[in-house]
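Peer 1: Got a structure here, written out as structure tokens. Questions coming.
2 protein chains.
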Amino acid sequence: MVESSEEKKRISESTIHRLSIYYRALSLLEKEKHETISSKELAKREKLTPAQVRKDLSFFGSFGTRGLGYNVVELKQKIAGILGINRQWRVALIGLGNIGSALVSYKEFVRQGFNIMKLFDNDQRKIGSNHKGIIVSDIKNLESELKEANIEIVIIAVPATVAQYIVDNVVEAGVKAILNFAPINLRVPPDVYLRNENMSMELEYLSFAMVNNHTPKRVKI
Amino acid sequence: MVESSEEKKRISESTIHRLSIYYRALSLLEKEKHETISSKELAKREKLTPAQVRKDLSFFGSFGTRGLGYNVVELKQKIAGILGINRQWRVALIGLGNIGSALVSYKEFVRQGFNIMKLFDNDQRKIGSNHKGIIVSDIKNLESELKEANIEIVIIAVPATVAQYIVDNVVEAGVKAILNFAPINLRVPPDVYLRNENMSMELEYLSFAMVNNHTPKRVKI
DNA sequence: TGTTTTATGTGAAATGGTTCACAAATAAAA
DNA sequence: TTTTATTTGTGAACCATTTCACATAAAACA
Ligand SMILES: NC(=O)c1ccc[n+]([C@@H]2O[C@H](COP(=O)([O-])OP(=O)(O)OC[C@H]3O[C@@H](n4cnc5c(N)ncnc54)[C@H](O)[C@@H]3O)[C@@H](O)[C@H]2O)c1
Ligand SMILES: NC(=O)c1ccc[n+]([C@@H]2O[C@H](COP(=O)([O-])OP(=O)(O)OC[C@H]3O[C@@H](n4cnc5c(N)ncnc54)[C@H](O)[C@@H]3O)[C@@H](O)[C@H]2O)c1
């Protein structure tokens, strides 16, 4: 079989994270009625370097105008396309406890096209109740309901002890992207994308920095 | 003044994050009654390489025994010392909304020595109320109460619109470490450590990965 | 006690990511 | 219209991190 002609560039994770940063900055610039922005100015705002901004963007195309900079609205749309947030994503959240309930109310997710459409829990008092217009489903029906609703991304907000078991079912249901809040190293097949949100880790970094007088190259994203 | 004889090695952020991972893994191994662990086995468990584990640890000393591996309890304590979590930290949380309330109930923080001792809000209905044994303070008294309670770390959980203003006051009160949940790029002086917890960014990574069939080098921590 | 096996600790090599520096393109000014 | 000022896009140089590979040391075993 002939190799696809499409170039498969290896984009670094840092570049992807910075695209998120550019997107957020451009949203603000749009609100502030800026028509164009130079890599220099954008870098200054986000404490990065102009070269970094240009190099990041150059992996995906030439979006600027020499002598002028980038059109704010246009670049924002380009980045949205690259990140895949110029569309709606169907998201389910499992575990409606402290953190799960907070996430359901997080408006930023919806604004970026991440729509929580299904909620699951195993607590009888929670099943059937209404959260932000969504009826909480019984975890027993996880697989069938995930499939039925065509869920593409699942957020895990259950205790660490049951997280692997839940994830196995989520994978079984064909979901390819998982955002995990449980402080545990989950096993998923190679074709499933997994990201972990670990808040203790960030506090531990602060602790380390204070104890060791750490001098970071720059503030973490 | 003579330069301190203490070596000031530049430890990478990735190394620090992996120390957190090792710590969590070792806690589990301790529970599972493992007496020793090799870099090979530890790496396998956390999907890292043995060389990586050894190199990370070697920045801080020689903690292992050739032919045997590392003593679980001993290494765990060493890492706790390196990360600065073999002590108690005095933490304050500002903004008792959705995410703030969830964080107050997060037991993992306490387990690692991060004790939330002060809560602040500007909502009259919340001020004076009791959350997990802590009376919510009026944001008006922020500076004086932060100083009085000797707060070392502040968690920001207020709307992005007011976050910079709040942070300015926190910095004014002499706090040197901030964990920020507001989706905004905060300005702090160079001697203040700032970490951002940005959940949209992780979802955006998943979105990017799915749209672009991204092949990461390895799963992000 | 001697031999074999296991596993650390660490320079050196390889890989990956960031910054430099400049040609090329366009805008702005003259 | 020509000149000057900006600013992009990108190889090349640089720097940081990861992996390799092996000398060294201790454990396990005979
Ligand atoms: N609270 C926080 O601020 C916070 C922060 C970061 C990470 N986390 C992590 O997020 C997870 C949830 O934390 P929490 O504080 O919200 O805990 P919680 O106990 O308040 O919530 C857990 C929820 O999961 C549900 N649940 C339990 N077992 C289940 C199952 N088998 N199937 C479906 N649902 C099930 C429970 O009914 C409950 O509603 C934990 O892993 C925790 O470590 C919490
Ligand atoms: N809800 C989530 O899951 C989530 C996730 C990630 C990040 N965040 C971010 O965390 C922040 C809080 O989000 P939320 O959903 O909890 O919002 P929220 O509105 O529920 O809570 C905000 C809290 O801050 C308080 N507050 C407002 N202004 C204040 C001031 N000047 N001084 C002191 N307190 C003040 C409010 O009274 C409220 O209690 C936002 O920046 C949000 O973007 C939220």
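Protein sequences appear in the order of chains A and B.
Residue numbers for the first sequence follow the numbering used here, beginning at 1 and rising by one.
Residue numbers for the second sequence follow the numbering used here, beginning at 1 and rising by one.
In this text, a Cβ means the ideal position worked out from N, Cα and C, and glycines have one as well.
Starting from residue 124 of chain B, find everything on chain A with Cβ-Cβ shorter than 8 angstroms and list it in chain order.
Peer 2: Near residue 124 of chain B there are no residues of chain A at all, since even the closest Cβ is about 21 angstroms away, more than 8 angstroms.
Peer 1: Leaving out five residues before and five after residue 176 of chain A in sequence, what residues of the same chain have Cβ atoms less than 8 angstroms from its Cβ?
Peer 2: 152, 191, 192 and 193.
Peer 1: Would you say residue 193 of chain A touches ligand 2, meaning its beta carbon is less than 6 angstroms from a heavy atom?
Peer 2: Because no heavy atom of ligand 2 lies under 6 angstroms away, the Cβ of residue 193 of chain A does not count as near it: no.
Peer 1: Which of helix, strand or coil does DSSP assign to residue 17 of chain B?
Peer 2: The answer is helix: DSSP assigns residue 17 of chain B an H, G or I state.
Peer 1: Would residue 205 of chain A pass as an interface residue toward chain B - the criterion being a Cβ-Cβ separation below 7 angstroms?
Peer 2: For residue 205 of chain A, the answer is yes, since a Cβ of chain B falls inside 7 angstroms of its Cβ.
Peer 1: Would you please verify whether the beta carbon of residue 63 of chain B is less than 7 angstroms from any beta carbon of chain A?
Peer 2: Not one chain A Cβ lies under 7 angstroms of residue 63 of chain B.
Peer 1: Using only the heavy atoms of ligand 1, determine whether one of them is closer than 6 angstroms to the beta carbon of residue 11 of chain B.
Peer 2: Because no heavy atom of ligand 1 lies under 6 angstroms away, the Cβ of residue 11 of chain B does not count as near it: no.
Peer 1: Between which two residues does the beta strand (DSSP E) carrying residue 137 of chain B extend?
Peer 2: 134 to 138 is the extent of the beta strand (DSSP E) around residue 137 of chain B.
Peer 1: On the DSSP bridge assignment, give the partners of residue 121 of chain B in chain order.
Peer 2: DSSP, once it has assigned bridges, lists B/138 as partnering residue 121 of chain B.
Peer 1: Please list the partners that residue 83 of chain A has in chain B, where partner means a Cβ-to-Cβ separation under 8 angstroms.
Peer 2: Residues of chain B passing the Cβ test: 204, 207, 208 and 211.
Peer 1: In this structure, does DSSP put residue 193 of chain A in helix, strand or coil?
Peer 2: Three-state result, residue 193 of chain A: strand.
Peer 1: Give the interface partners of residue 98 of chain B over in chain A, defined as CB-CB distance under 9 angstroms, in chain order.
Peer 2: Near residue 98 of chain B (Cβ distances below 9 angstroms), the residues of chain A are 101, 102, 103, 104, 105 and 106.
Peer 1: Note the first and the last residue of the continuous alpha helix (DSSP H) segment covering residue 211 of chain A.
Peer 2: Taken as a continuous stretch (DSSP letters only), the alpha helix (DSSP H) holding residue 211 of chain A covers 199 to 212.
Peer 1: Which full runs of the alpha helix (DSSP H) of 4+ residues lie inside the segment 17 to 95 of chain B, going along the chain?
Peer 2: Segments of the alpha helix (DSSP H) lying fully in the segment 17 to 95 of chain B: 39 to 45, 50 to 58 and 72 to 83.
Peer 1: Below 6 angstroms, is the gap between the Cβ of residue 117 of chain B and the nearest heavy atom of ligand 1?
Peer 2: Result no, Cβ not under 6 angstroms from ligand 1.
Peer 1: Would you mind reading off the limits of the alpha helix (DSSP H) that contains residue 166 of chain B?
Peer 2: Element bounds for residue 166 of chain B: 160 to 172.
Peer 1: Would you decide whether residue 22 of chain B is buried or exposed? Buried here means 16 or more other CB atoms lie within 10 Å of its CB.
Peer 2: Buried, since its Cβ has 16 or more Cβ neighbours within 10 Å.
Peer 1: Within 6 angstroms: the Cβ of residue 159 of chain B and any heavy atom of ligand 2?
Peer 2: Yes, the beta carbon of residue 159 of chain B sits closer than 6 angstroms to at least one heavy atom of ligand 2.
Peer 1: For chain B, is any of its Cβ atoms less than 7 angstroms away from the one on residue 190 of chain A?
Peer 2: False, the Cβ-Cβ gap to chain B never drops below 7 angstroms.
Peer 1: Quick one: what's got a C-beta closer than 8 angstroms to residue 117 of chain A's C-beta in the same chain, skipping five residues either side?
Peer 2: Hits under 8 angstroms: 90, 91, 92, 134, 149 and 151.
Peer 1: Any residues in the segment 8 to 40 of chain B with a beta carbon nearer than 9 angstroms to a beta carbon of chain A? Which ones, in chain order?
Peer 2: Of all residues in the segment 8 to 40 of chain B, 8, 10, 11, 12, 13, 16, 17, 19, 20, 21, 23, 24, 25 and 28 have a Cβ within less than 9 angstroms of some Cβ in chain A.
Peer 1: For the beta strand (DSSP E) that contains residue 149 of chain A, what are its first and last residues?
Peer 2: Segment: none, residue 149 of chain A is in no beta strand (DSSP E) and carries neither H nor E.
Peer 1: So residue 114 of chain A contacts chain B; which residues on that side make the cut at Cβ distance below 7 angstroms?
Peer 2: Correct list: 203.
Peer 1: Give the C-beta separation of residue 137 of chain B and residue 83 of chain B to the nearest angstrom, bearing in mind that I take them to be a contact with Cβ-Cβ under 8 angstroms.
Peer 2: Not quite, the Cβ-Cβ distance comes to about 29 angstroms (not below 8 angstroms), so this is no contact.
Peer 1: Does the count of Cβ pairs from the segment 197 to 211 of chain A and the segment 106 to 121 of chain B closer than 8 angstroms reach three?
Peer 2: The segment 197 to 211 of chain A is in contact with the segment 106 to 121 of chain B.
Peer 1: Give the DSSP-derived three-state secondary structure of residue 222 of chain B in the structure shown.
Peer 2: Here chain B covers residues 1 to 221 and nothing more, so residue 222 of chain B does not appear.
Peer 1: Hey, how far is the Cα of residue 166 of chain A from the Cα of residue 198 of chain A?
Peer 2: Approximately 18 angstroms between the Cα atoms of the pair.
Peer 1: Going along the chain, which residues of the segment 172 to 187 of chain A sit with their C-beta nearer than 7 angstroms to a C-beta in chain B?
Peer 2: Against chain B - using a Cβ distance shorter than 7 angstroms - the residues of the segment 172 to 187 of chain A are 176, 177, 179, 183 and 185.
Peer 1: Quick one: does the C-beta of residue 136 of chain A sit closer than 6 angstroms to a heavy atom of ligand 1?
Peer 2: Residue 136 of chain A: no, Cβ never under 6 angstroms from ligand 1.
Peer 1: Are the beta-carbon atoms of residue 195 of chain B and residue 13 of chain A separated by less than 7 angstroms?
Peer 2: Not a contact, by the Cβ cut-off of 7 angstroms.
Peer 1: For residue 115 of chain A, name the three-state secondary structure that DSSP assigns.
Peer 2: Strand at residue 115 of chain A.
Peer 1: Do residue 104 of chain B and residue 126 of chain B have their C-beta atoms closer together than 7 angstroms?
Peer 2: No, the pair does not count as a contact, with Cβ atoms beyond the cut-off.
Peer 1: Using the DSSP secondary-structure output, state which residues sit across from residue 98 of chain A in a beta bridge.
Peer 2: Answer by DSSP bridge pairing: none, since residue 98 of chain A is not bridged.
Peer 1: If residue 163 of chain A and residue 179 of chain A are in contact, beta carbons under 8 angstroms, what's the gap, nearest whole angstrom?
Peer 2: The Cβ separation is near 12 angstroms, so there is no contact.
Peer 1: Which bits of chain B does residue 193 of chain A rub up against, with CB to CB less than 9 angstroms?
Peer 2: In chain order: 205, 206, 209, 210, 214, 216 and 219.
Peer 1: Taking 7 angstroms as the limit between beta carbons, can you name the residues of its chain near residue 128 of chain B, skipping five residues before and five after?
Peer 2: Result list for residue 128 of chain B: 135 and 136, in chain order.
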